[in-house]
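Residue 940 in this note's numbering is what sits at position 108 of the sequence shown, and the numbering runs on without skipping anything. Heads up, the beta-carbon is just placed ideally off N, CA and C, and yes, glycines get one too. Since the model is a prediction, treat every value here as computed from it, not as a measurement.
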Amino acid sequence: MPSAAGFTGTAWRRRAPPRPITPTGITTVSPLVCRREAEKDAAAEPLLSSFLYASILSHDNFERSLAFVLSNRLSDATFLSTELFEVFYSILRTKPEIAEAALADIRAVRERVGPLSPRWLA
């Protein structure tokens, strides 16, 4: 049965991923590129600096940063962010393909909003 996108089953997995080319000429988005952009944006935008430090710059790897962001966005009175962080981080450490997919999503966002916003991390 076709899905909403018109693909059946796992057909979407067999397609080659889109080539990550950005308007700025950077052809890849890696954790290091995200960190450098965050450092540059934190220095240029004082109002964003605390968010960027808490979300990206205070973490020693991409998986911790992603777990932090997800846990804070999804926490509530029942699920505390500290509890969710441990769950997300343990999953991201054991399943690297999830972090790779998140980087692919960041790449896609950067490609789409690149010409419109030089600060694509925020």
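Which of the three DSSP states, helix, strand or coil, is assigned to residue i?
i: R912; result: Residue identity differs from the one stated: residue 912 is Leu in this sequence, not Arg. In this structure, L912 counts as coil in the three-state DSSP scheme.
i: D873; result: helix
i: D892; result: coil
i: S882; result: helix
i: S887; result: helix
i: S907; result: coil
i: S922; result: helix
i: S862; result: coil
Taking the alpha-carbon of residue i as reference, which of the options has the nearest alpha-carbon?
i: H891; options: L912, F917, A875; result: F917
i: L889; options: S862, A934, A874, V919; result: A874
i: L864; options: V945, P878, A909, I938; result: I938
i: L902; options: Y885, L924, A909; result: L924
Throw me the rounded Cβ distance for the residue i and residue j pair, which I believe falls under 8 Å.
i: A870; j: L884; result: 5 Å
Q) Three or more beta-carbon pairs under 8 Å between the segment 924-931 and the segment 891-900, yes or no? A) Cβ pair count under 8 Å is three or more, so yes.
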